[in-house]
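Participant: So the sequence shown is numbered by our numbering: it starts at 1 and just counts up by one. Just dropping this structure here.
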Amino acid sequence: MEKPSMTAMVTAFARAYHALNEDPKIFDDRLARELFFDGEYEGIAAQMAQGIAFFNPERPDAPHDPEDALRWVMQKQLGPTTLSRSRYAEDAINNALKLGTKQYVILGAGWDTFAFRHPQAGVEVFEVDRPESQRDKVRRIAGLGWELHERLHFAPCDLASENLAGPLLRSGFDPGRLSFFSLLGVTYYLTPEENMRVFEAIAYIAPKGSAVAFDYADSDVFDEAKTSRRVQNMVALAKESGEPMRSGFGREALESVLDKAGLLITEHLSPAAIEKRFFAGRKDAYHAFENICYALAVVQ
Numbered sequence: 001m002e003k004p005s006m007t008a009m010v011t012a013f014a015r016a017y018h019a020l021n022e023d024p025k026i027f028d029d030r031l032a033r034e035l036f037f038d039g040e041y042e043g044i045a046a047q048m049a050q051g052i053a054f055f056n057p058e059r060p061d062a063p064h065d066p067e068d069a070l071r072w073v074m075q076k077q078l079g080p081t082t083l084s085r086s087r088y089a090e091d092a093i094n095n096a097l098k099l100g101t102k103q104y105v106i107l108g109a110g111w112d113t114f115a116f117r118h119p120q121a122g123v124e125v126f127e128v129d130r131p132e133s134q135r136d137k138v139r140r141i142a143g144l145g146w147e148l149h150e151r152l153h154f155a156p157c158d159l160a161s162e163n164l165a166g167p168l169l170r171s172g173f174d175p176g177r178l179s180f181f182s183l184l185g186v187t188y189y190l191t192p193e194e195n196m197r198v199f200e201a202i203a204y205i206a207p208k209g210s211a212v213a214f215d216y217a218d219s220d221v222f223d224e225a226k227t228s229r230r231v232q233n234m235v236a237l238a239k240e241s242g243e244p245m246r247s248g249f250g251r252e253a254l255e256s257v258l259d260k261a262g263l264l265i266t267e268h269l270s271p272a273a274i275e276k277r278f279f280a281g282r283k284d285a286y287h288a289f290e291n292i293c294y295a296l297a298v299v300q
């Protein structure tokens with residue numbers, strides 16, 4: 001039995017919890033909860049609630065009721081980036097579909113449910129992830145009886161060590177068709193050189209006008225003097241899970257990397273811009289993460 005990626009599982013937990021418990025929705029993944037086996041969702045919920053002392057050590061008045069503690073952890077730590085970047089990418093792919101995009105490549109797909117939430121979207125969906133992660137996901141899908149429709153393709157690939165182009169082509173990707181890529185929660189865990197190879201592969205395999213939406217950490221993310229407690233928590237949690245963060249980019253450095261790869265940034269959201277777009281007017285504790293940015297880049 002394949003062991004699920006803890007990062008993928010916690011990300012799916014955040015989407016599921018929000019869909020089930022909170023309004024208004026930042027991102028509504030109504031299927032995420034179903035992917036958990038018996039006890040898994042409840043186990044993560046309990047761990048996160050019990051871990052509030054780690055997330056919030058400065059406040060002795062932190063909530064002790066498990067439900068209140070979990071809500072605090074979700075809104076302060078787990079949810080903001082997971083939900084808003086998913087919304088950012090899904091808004092972008094929906095717009096791209098209106099402009100003629102025919103293929104959607106989800107890099108580091110984890111437990112993404114786009115293909116099952118939008119079976120009539122008329123787009124070929126390619127999920128790219130490590131082979132063991134995909135086997136675990138396919139096993140869960142089979143247990144649920146979800147239809148693996150002909151427009152859904154799995155392209156097993158370890159982005160840290162393999163060139164993306166080969167696995168995509170073998171899975172049926174057409175390099176002549178306008179395509180959209182999402183790269184969410186991935187750049188952090190690759191080295192700068194590995195990120196460069198991913199962007200180069202996108203520009204190589206996709207035609208001009210294709211696009212990629214992604215999130216990234218800025219160059220201050222590893223400097224405790226320039227980060228908030230919750231950003232430090234994010235870095236520490238990644239390390240503890242066995243999937244440490246490896247990259248952060250300054251804006252100019254990122255633009256240089258993309259330019260060398262053959263991509264041009266057409267939209268960039270700073271933390272302040274993310275706050276304005278996705279969190280303005282909310283009455284709860286959701287706010288954009290410091291040091292985290294989103295971008296949309298187009299193949300030149």
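Where is the CB? At the ideal position from N, CA and C, for every residue including glycine.
Thinking C-alpha only, which one of R277, N163, A16 is nearest E200?
Facilitator: With distances taken between Cα atoms, E200 lies closest to N163.
Participant: Along the chain, where does the alpha helix (DSSP H) containing E252 start, and where does it finish?
Facilitator: First-last of the alpha helix (DSSP H) with E252: 251-261.
Participant: Please name the residue in M9, I205, L152 whose C-alpha comes closest to that of R120.
Facilitator: Note on identity: in this sequence residue 120 is Gln, with Arg being the wrong assignment. Of the listed residues, the one whose Cα sits closest to Q120 is L152.
Participant: Kindly indicate which residue of S270, I274, L263 has the alpha-carbon position closest to the one of V298.
Facilitator: Residue L263 is the option with its Cα nearest to V298.
Participant: So for Y294, helix, strand or coil by DSSP?
Facilitator: Three-state DSSP puts Y294 in a strand.
Participant: At 4 residues or longer, what runs of the alpha helix (DSSP H) sit wholly inside the segment 17-60?
Facilitator: If we require 4 residues or more, the alpha helix (DSSP H) runs fully inside the segment 17-60 come out as 40-50, 52-55.
Participant: Hey, how far is the Cα of A285 from the Cα of A272?
Facilitator: A285 and A272: Cα-Cα distance of roughly 16 Å.
Participant: Output needed for I274: all residues of its chain with C-beta closer than 7 Å, excluding positions within five of it in sequence on either side, in chain order.
Facilitator: Counting only Cβ-Cβ distances below 7 Å, and skipping sequence neighbours, we find S84, A288, Y294.
Participant: To test your reading of the DSSP string, which unbroken alpha helix (DSSP H) runs of 4 or more residues are found completely within the segment 143-206?
Facilitator: List check, alpha helix (DSSP H) in window: 165-170, 192-205.
Participant: Flag this pair as yes or no: are the beta carbons of E290 and D136 separated by less than 7 Å?
Facilitator: It is not a contact, given that the beta carbons lie outside the stated cut-off.
Participant: Helix, strand or coil: how does DSSP classify E243 here?
Facilitator: Residue state, collapsed to three classes: coil.
Participant: Let me check understanding here. Comparing Cα to Cα, which of A32, E42, G43, Q75 lies closest to R282?
Facilitator: Checked all of A32, E42, G43, Q75; the closest Cα to R282 is Q75.
Participant: Look at the Cβ atom of A206, then the Cβ atom of S179, and state whether they are nearer than 7 Å.
Facilitator: Yes, they are a contact pair.
Participant: Which of the three DSSP states is assigned to E124 in this structure?
Facilitator: Strand, per DSSP.
Participant: Going by C-alpha to C-alpha distance, which of V221, N233, L99 sits closest to E58?
Facilitator: Residue N233 is the option with its Cα nearest to E58.
Participant: Quick one: using the 10 Å Cβ neighbour count with 16 as the cut-off for buried, is S228 buried or exposed?
Facilitator: With fewer than 16 Cβ atoms within 10 Å of its Cβ, S228 is classed as exposed.
Participant: Under DSSP, the beta strand (DSSP E) around V212 begins and ends at which residues?
Facilitator: Unbroken beta strand (DSSP E) run through V212: 211-217.
Participant: Taking Cβ to Cβ, would you say A14 is nearer than 7 Å to A213?
Facilitator: Going by C-beta atoms, A14 is not nearer than 7 Å to A213.
Participant: So, with DSSP's three-state summary, where would you put E2?
Facilitator: Reduced to three states, the DSSP call for E2 is coil.
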